[in-house]
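Q: Numbering (this note's numbering), first residue to last: 1 to 580. Before we start, here is the structure in question, set down as structure tokens.
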């Protein structure tokens with residue numbers, strides 16, 4: 001967690017002071033830091049617990065971290081410090097803990113060595129012990145701004161038999177720039193910092209009670225003649241926190257607590273990328289998974305019954321049941337199905353298919369796909385047909401796709417809108433002449449009819465000839481649906497990579513599915529008249545005939561979850577009252 005934890009004290013002689021602070025360093029320490037440069041320096045006591053190594057030596061300061069402490073440190077001068085507002089002794093190297101898991105350093109000293117950090121901590125210290133105080137002067141409070149950071153402050157008192165009122169005022173502050181993260185960490189910080197405070201107060205209370213038992217200060221002060229307060233301030237009443245708690249290892253313990261606090265608080269919350277509500281494709285895929293699960297459970301329950309062979313290939317919502325993908329692939333985008341390894345005679349993308357078929361033939365095929373007409377492929381290579389369907393289906397919502405990858409007999413359009421057939425299968429004449437079907441015949445190309453370069457091994461599809469026919473060919477000057485024109489514009493733009501074109505296609509499908517949702521609610525749920533529907537289509541930019549046909553077909557791909565949600569909303573009493 002990118003934050004600073006500091007212990008502050010209100011000194012009766014010098015006002016608010018920072019006693020001890022722990023900061024996080026993500027950059028590696030300079031060479032020779034914390035590893036014992038010379039044997040004559042202070043001892044190192046390293047302890048490893050929970051992936052953190054603690055060392056009593058601090059690094060030499062790099063220019064990025066500020067100047068040295070001795071000459072131009074941003075901290076106060078020695079003459080402005082008393083025993084009560086000083087933590088580490090002069091020349092103490094400080095403390096540093098190495099997180100071996102994340103390569104993060106937790107560095108503790110009296111003041112941050114970076115001037116900007118010193119200013120931020122100093123201002124937070126002053127505010128926490130002066131103006132930003134909760135009622136009763138003891139407890140947590142939150143304050144801050146975007147410029148100087150946001151602060152979680154917890155003020156508390158420490159017993160001192162020599163202080164005015166027999167107590168001194170301290171605070172533990174946590175400073176960071178992320179306001180939301182700090183607010184979400186409030187319960188965690190409050191509990192852990194409260195534990196640190198209770199431990200300090202408990203140690204100080206024992207010392208206070210022992211001193212009061214040996215030499216009661218209250219009775220002594222009452223028996224002492226009145227002395228002006230300013231004269232008392234010149235006395236040696238200021239005492240260090242180590243003296244108040246009788247703990248020589250206090251600062252090392254605080255460093256350990258603050259370092260753990262920063263590490264634990266940073267680990268308990270993680271950021272997640274939220275992409276909004278699930279798309280219609282995701283909802284449909286989830287529904288299909290549930291249907292497949294129910295069917296598989298039904299099969300498991302009827303193991304004892306005699307299985308009857310099916311005369312027709314089983315199709316469940318656009319996928320052959322015997323070849324349905326795994327759960328993980330089903331939940332992924334349709335263009336990234338996990339399929340068995342195929343030979344090289346496959347289509348790689350929509351752009352590749354357009355290059356192979358030709359611009360006019362591809363436009364005719366894409367028009368029929370988007371309109372929901374039956375797309376029939378006749379070929380000997382089943383892998384080639386499957387690859388074509390995997391590419392073409394990316395232009396449609398998942399709920400609009402019904403595929404029979406390869407069959408030995410013709411299947412009606414109500415069962416599938418993508419049908420793969422072997423070359424010898426007979427297609428009824430009324431289908432061949434229908435305006436609601438398109439046929440792609442894959443024939444073996446003769447060498448004399450093609451350029452020799454097309455027979456390169458890197459062009460495996462060059463050995464095929466693709467003939468696209470339909471009873472209702474799309475005229476070249478026909479405007480067509482808007483989404484088809486945008487798809488062709490993306491495919492012809494060579495500055496766009498295949499991945500970018502795929503993302504453009506996803507965005508286009510989401511745009512038109514949103515229009516489908518509006519039209520469905522307007523016509524099916526609200527039952528608006530035809531005149532109002534025409535006005536709505538004009539507003540949506542879909543008043544053309546092809547766009548209207550596309551919207552009506554795509555309406556069949558809406559998820560059951562969305563439809564049931566709309567219908568339940570209409571039936572609810574609150575909804576009826578609001579509409580009235």
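Heads up, the beta-carbon is just placed ideally off N, CA and C, and yes, glycines get one too.
CB-CB under 8 Å to residue 432, same chain, minus the five flanking residues each way: which ones, in chain order?
A: Excluding sequence neighbours, residue 432 sits near 439, 469 and 471.
Q: Grouping DSSP H, G and I as helix and E and B as strand, with all else coil, what is residue 168?
A: Strand.
Q: Which residue from 123, 521 and 210 puts its Cα closest to that of residue 174?
A: Residue 174 has its Cα closest to that of 123, out of 123, 521 and 210.
Q: Assuming residue 421 is part of the beta strand (DSSP E), what are its boundary residues?
A: From DSSP, the beta strand (DSSP E) with residue 421 extends over 418 to 421.
Q: For the alpha helix (DSSP H) containing residue 483, list its first residue and its last residue.
A: Taken as a continuous stretch (DSSP letters only), the alpha helix (DSSP H) holding residue 483 covers 482 to 492.
Q: Figure out for me which residue from 556, 481, 503 and 550 has the closest Cα to the Cα of residue 490.
A: Among 556, 481, 503 and 550, the Cα nearest to that of residue 490 belongs to 503.
Q: Do residue 169 and residue 129 have their C-beta atoms closer together than 8 Å?
A: Going by C-beta atoms, residue 169 is nearer than 8 Å to residue 129.
Q: On the premise that residue 3 lies in contact with residue 262, defined as a C-beta separation below 8 Å, what is that separation, rounded to the nearest angstrom?
A: Indeed they touch by this definition, with Cβ atoms about 6 Å apart.
Q: Short of 8 Å in beta carbon distance, which residues of its chain neighbour residue 238, apart from the five on each side in sequence? Order them along the chain.
A: Counting only Cβ-Cβ distances below 8 Å, and skipping sequence neighbours, we find 11, 12, 13, 82, 83, 84 and 85.
Q: On the DSSP bridge assignment, give the partners of residue 149 in chain order.
A: According to DSSP, residue 149 bridges with 145.
Q: Exposed or buried, what is residue 288 when buried is set at 16 or more other beta-carbons lying within 10 Å of its beta-carbon?
A: Buried.
Q: Mapping DSSP to helix, strand and coil, what is residue 176?
A: Residue 176: strand per DSSP, three-state reduction.
Q: Measuring alpha carbon to alpha carbon, tell me which of 556, 443, 208 and 381 ends up nearest residue 166.
A: Of 556, 443, 208 and 381, the residue nearest in Cα terms is 208.
Q: Taking only three categories from DSSP, how would you classify residue 72?
A: Any reading at residue 72 needs caution, since the residue's pLDDT is 49, under 50, leaving its predicted position unreliable; the model's value is listed next. The answer is helix: DSSP assigns residue 72 an H, G or I state.
Q: Less than 8 Å between the C-beta atoms of residue 387 and residue 347, yes or no?
A: Yes; because the gap between Cβ atoms is below 8 Å, this pair is in contact.
Q: DSSP state of residue 444, grouped into three classes?
A: Of the three classes helix, strand and coil, the one that applies to residue 444 here is strand, per DSSP.
Q: Excluding the 5 residues flanking residue 244 on each side, which residues of the same chain have their C-beta closer than 7 Å to its C-beta?
A: Same-chain partners within the cutoff: 158, 160, 204 and 207.
Q: Okay, do the segment 499 to 519 and the segment 398 to 410 touch, 3+ Cβ pairs below 8 Å being the bar?
A: Output reads no: the segment 398 to 410 does not touch the segment 499 to 519.
Q: With DSSP as the reference, identify every bridge partner of residue 6, one or two as the case may be.
A: In DSSP, residue 6 forms a bridge with 21 and 173.
Q: Please identify the residue among 22, 118, 148 and 177 whose C-alpha is closest to the C-alpha of residue 105.
A: It is 22 whose Cα lies nearest to the Cα of residue 105.
Q: Does the separation of the CB atoms of residue 484 and residue 370 fall below 8 Å?
A: Taking 8 Å as the Cβ cut-off, residue 484 and residue 370 qualify as a contacting pair.
Q: Taking 8 Å as the threshold (C-beta atoms), are residue 548 and residue 633 in contact?
A: Outside the displayed range of the chain (1 to 580) lies residue 633, so it cannot be described from this structure.
Q: Using 8 Å for Cβ pairs, my map puts residue 443 next to residue 414. What's the rounded Cβ distance?
A: About 29 Å; that fails the 8 Å criterion.
Q: Tell whether a beta-carbon distance below 8 Å holds between residue 181 and residue 269.
A: The answer is yes: Cβ separation under 8 Å.
Q: Which residue from 534, 377 and 280 puts its Cα closest to that of residue 557?
A: Per the Cα distances, 280.
Q: Give the DSSP-derived three-state secondary structure of residue 136 in the structure shown.
A: Of the three classes helix, strand and coil, the one that applies to residue 136 here is coil, per DSSP.
Q: Going by other Cβ atoms of all chains shown within 10 Å of its Cβ, with 16 needed for buried, is residue 380 buried or exposed?
A: Exposed, because fewer than 16 other Cβ atoms sit within 10 Å of the Cβ of residue 380.
Q: Taking the straight line between their C-alpha atoms, what separation do you get for residue 70 and residue 149?
A: The predicted model places residue 70 with a pLDDT of 44, which falls under 50 and marks its position as unreliable, so this point remains unresolved.
Q: Is residue 18 closer than 8 Å to residue 121 when the C-beta atoms are compared?
A: Yes, they are a contact pair.
Q: Taking all protein chains shown into account, decide if residue 102 is buried (16 or more other Cβ within 10 angstroms of its Cβ) or exposed.
A: Its Cβ having fewer than 16 others within 10 Å, residue 102 is exposed.
Q: Using three-state DSSP, classify residue 13 as helix, strand or coil.
A: In this structure, residue 13 counts as coil in the three-state DSSP scheme.
Q: Can you check whether the CB of residue 132 is closer than 8 Å to the CB of residue 156?
A: Taking 8 Å as the Cβ cut-off, residue 156 and residue 132 do not qualify as a contacting pair.
Q: Counting along the chain, where does the beta strand (DSSP E) carrying residue 531 start and finish?
A: No beta strand (DSSP E) holds residue 531; the alpha helix (DSSP H) holding it covers 530 to 540.
Q: Grouping DSSP H, G and I as helix and E and B as strand, with all else coil, what is residue 96?
A: Three-state DSSP puts residue 96 in a strand.
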